[in-house]
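Here the structure comes first, spelled out in structure tokens, and everything after it is commentary.
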Ligand SMILES: Cc1ncc(COP(=O)(O)O)c(C=O)c1O
Ligand SMILES: Cc1ncc(COP(=O)(O)O)c(C=O)c1O
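Protein chains in written order, with this note's numbering: chain A, 1 to 124; chain B, 125 to 248; chain C, 249 to 649; chain D, 650 to 1050.
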């Protein structure tokens, strides 16, 4: 496993760990059997802007770093913008991931979409 | 090929090389295809004593050393004594031979027997 | 930063004495042992010294030792060589579910070639049952291959008893003793084994050299055909330097076996005690007593193994999660699954394997830091005692509906 | 006594720079490349440097290079791996009568497993005929394996032309380039080969390390199953030190190829001239031009090879008679028989193979002494021009009547 410095930074000092109070969109994907679970918490304001985001992750270094980077990247975005968020955005921001770890970035993108869906379902 | 010092001595400075004049018993065994030919020359006197012996050999180090040692050992023996000469006598005198080279000592013993037969045939 | 290496089951540093032994064979004594001239003969004689060292270390005759290019090659040779040579007698092989991949994948390959393989299960400690073995033996069983000691959880199988059962039936018995050598006594005469694999780099020798013990008279095909090396059983110009190194390493390993094993065992028990007493929700994998003296293997609930390894690596500690050989693939360890752990738990495993030079300070440092690492990772995890795995899975499943 | 080593085709001393490259990987950088922590990752990266060096030396992609434990293993893997994987398509293999035993004995083993093998003959120079090859190709031919350069007589086969013929038919083509590397340009792209074997110890690297080039997409079974090493194609913990050494040796070999080849060729021609002009009843084996730059192979009538070798050894010269790998067995060389020499003559062969450090003085010393040695041995021989072999045989036969 060869990780970039950015990955290692985001693993050792991850941003936005934990549960934010008053989160109104929560998404969880993955399964422990596969070795990764990611849970994303979003706080979305009435203008549809993501004011805050956080995560809890069971997984490898890449999973933790992807969660950290992904949450950091979507804060301040509208839910439309966040809806277009792709796993490759995480990979690029991390300076790359080993081939066998790309799926961690996919999980992060999926968890965000799940959290947005959750928000929209609750609102509807 | 791990040869004893005695083998090496008998290879580098073999005794009794060549054809003795007046040889009255000549034996040759082996074939070039097998990698060994040994020709033994004996000079046997009227009392049936081997007065002189010599050899010519096409073959490996062990073949040359066996020829040298064998001719040296039978000089002075009667043909009855020489008739009992065995390949193991050569092997012992050489301080041993590698397993795959034992056949060289067998050739030497056979060549001597062939030379004695030749002498007896001519005499008869 | 000082590094604490606790992955001796993956590989060991080469002992400086062993490096010394090896060096002349690269430059001065570089001859090909098959050559008839001085350079060749000298090396050939040296190889026989190494062969004798190996033979002594496992109480075999030197003529029963055949050098290979790795432990994996020895395993492949033993299994395929016996299978191919004896297939007229039968095509059934017995092994276990916890073998090293060098055995498992070889057996799977043979299955594709028309052989039948029984994979014996193990109990929660990783031990096979002798009754299972007896029941599995058939008229057409030609080979039983059961590992001596497991590389992940350290469990030591009852090789002698297995050997008796197998011998009585006239079946050939191979054991992979790659992890056993240098850790526990290995005696081929006592154990009734017909073939036994070992590897240099697990006993402070170099990588890329192994050996197969083949009891005199055991009918086996070659795996690598060609020149007349290794008494015509294993072709390829001999890896002279590494053979010399392996011989020396084996000699050192058997001379110091008791001392080394006692040292490792003491530290292992200190480590296990430290972890079990200070970290909640942890389990020790493998057998509490019948285990390799240097092996400790834990599962920490709610967290994943690679993140533990990375965290340890950052502060200078080298450990492994599952077998080193399989960490390239991200599958949960087949051994942990075989002892009954759910996949989710298996992912949270940590193997720390102690070596001859590990110290008490090393262990204390590891325990102290591990407490914090596990705590930090658990705080980051979405699963815990209150929100257990099943919930997590359930939530995910429901999300997809 | 100063030794003159003229058996570089058997093996070469390890270059001091190569030893340097290797040393750190025994003690400091001893990690298992499959491990996730620092010790493992560092080594893994280094291995890729070596892989690239090998790739460059034969103009391949590094992802097409797989390390093995010897040239013999590479040959065995190529042939058995292709045969086993492609047997549904056909079971016919084409090779030559002058291959190294690692190829020949592997083919013979496959014959026992139900494969059919055509052994192409060679002419008096050791060259195969392209027409023979074309005629031998059948619908069920799955593999052609023909050596790049012969290890005994040094003849270089028309690999590129063979590759074209074989490629056109959609058959897989393997070449054993163990003797070619470091002596002649080897370019897998230019040559149309699908698999190519090489070995470390023939190019001033250590023994016990080799590699197989496998062109991307070529369907092949593994020979050694187990861990995920070598992109899951060749199991066994990597022989890290020797891989690094092999990489460095290959780099040096290709950087200095022209210089080294020119040097060897000059001395070789000096040696051949010296021998042919000064010793009667001698023949040069192999092709006069299409031969390895360092190879000289003679047959001296009426005398036997081992006694030449011993005589040379005593005065400090190392040479070989037939392949070093077969000198353990006492059979006359299959290569010399294949080029049409009678067995008796084949026994009188002497191979002298020049290396990068051989000097003009070495060659002069060898020629001078060889003249005397041959003369002395001939005087000892019962056969000569007047009393030729046939007579000798005849006498023997008659004696037995
Ligand atoms: C042509 C050829 N092929 C294969 C080999 C085998 O290589 P290794 O000795 O590395 O097994 C050799 C040398 O022994 C050789 O000369
Ligand atoms: C139990 C066991 N068998 C076989 C092997 C394979 O040995 P090697 O790495 O020398 O191929 C290993 C180590 O990797 C092992 O632990």
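We put the beta carbon where it would ideally sit given N, CA and C, even for glycine.
- Annotation: the continuous alpha helix (DSSP H) that includes residue 119/A extends over 102 to 123.
- According to DSSP, residue 766/D shares a beta bridge with 742/D.
- Cα atoms of residue 916/D and residue 767/D: separation of roughly 37 Å, rounded to the nearest angstrom.
- The criterion of a C-beta distance shorter than 7 Å is satisfied by residue 186/B and residue 228/B.
- Here DSSP, grouped into helix, strand and coil, assigns residue 778/D to coil.
- Nearest CB-CB separation between residue 912/D and chain B: not below the 7 Å threshold.
- Looking at the backbone, the Cα of residue 411/C and that of residue 313/C are separated by about 19 Å.
- When distances are taken from the beta-carbon of residue 982/D to the heavy atoms of ligand 1, even the shortest one reaches 6 Å or more.
- Rounded to the nearest whole angstrom, the CA to CA distance from residue 939/D to residue 774/D is 9 Å.
- By the Cβ rule, the segment 800 to 809 of chain D does not count as touching the segment 878 to 888 of chain D, because fewer than three pairs are nearer than 8 Å.
- Judged by the Cβ position, residue 399/C qualifies as a neighbour of ligand 2 at the 6 Å threshold, a heavy atom of the ligand being closer than this.
- Neighbours of residue 958/D across chain C, judged by C-beta separation under 7 Å: 284 and 285.
- When secondary structure is reduced to three states using DSSP, residue 932/D falls in the strand class.
- Secondary structure of residue 58/A (DSSP, three-state): strand.
- Below 8 Å, enough C-beta pairs join the segment 824 to 840 of chain D and the segment 700 to 720 of chain D to call them touching: three or more.
- Taking a C-beta distance under 7 Å as the contact criterion, residue 154/B and residue 231/B qualify as a contact pair.
- By the C-beta criterion, the segment 282 to 290 of chain C is judged not to be in contact with the segment 501 to 518 of chain C, since fewer than 3 inter-stretch pairs fall below 8 Å.
- Under the 7 Å criterion on CB atoms, residue 454/C is classed as non-interfacial with respect to chain A.
- The beta carbon of residue 319/C sits closer than 6 Å to at least one heavy atom of ligand 2.
- Secondary structure of residue 165/B (DSSP, three-state): strand.
- When distances are taken from the beta-carbon of residue 1021/D to the heavy atoms of ligand 1, even the shortest one reaches 6 Å or more.
- Of all residues in the segment 4 to 15 of chain A, the ones placed with a Cβ closer than 9 Å to any Cβ belonging to chain C are 8, 11, 12 and 14, in chain order.
- Set against 6 Å, the gap from the CB of residue 447/C to the closest heavy atom of ligand 2 is smaller.
- Annotated three-state conformation of residue 1025/D is helix, per DSSP.
- The alpha-carbon separation between residue 860/D and residue 532/C amounts to approximately 41 Å.
- Annotation: residue 581/C is outside any beta strand (DSSP E) and is labelled neither H nor E by DSSP.
- Counting C-beta pairs with one atom in each stretch, the segment 555 to 565 of chain C and the segment 606 to 626 of chain C have three or more that are closer than 8 Å, which means they touch.
- Against chain C, the beta carbon of residue 99/A has no neighbour under 9 Å; the closest one sits roughly 11 Å away.
- Per the C-alpha coordinates, the member of 751/D, 830/D and 757/D positioned closest to residue 742/D is 757/D.
- Taken atom to atom, the span from the alpha-carbon of residue 763/D to that of residue 740/D is near 8 Å.
- Around the Cβ of residue 948/D, a 10 Å sphere holds 16 or more other Cβ atoms; the residue is buried.
- Assignment of residue 823/D by DSSP, reduced to helix, strand and coil, places it in the strand class.
- Judged by the Cβ position, residue 886/D qualifies as a neighbour of ligand 2 at the 6 Å threshold, a heavy atom of the ligand being closer than this.
- The beta strand (DSSP E) runs lying completely inside the segment 386 to 432 of chain C and spanning 3 residues or more are 389 to 393 and 420 to 424, given in chain order.
- Residue-level contact by beta carbon holds for residue 37/A and chain C, with a gap shorter than 7 Å.
- Shortest gap from the CB of residue 859/D to any heavy atom of ligand 1: under 6 Å.
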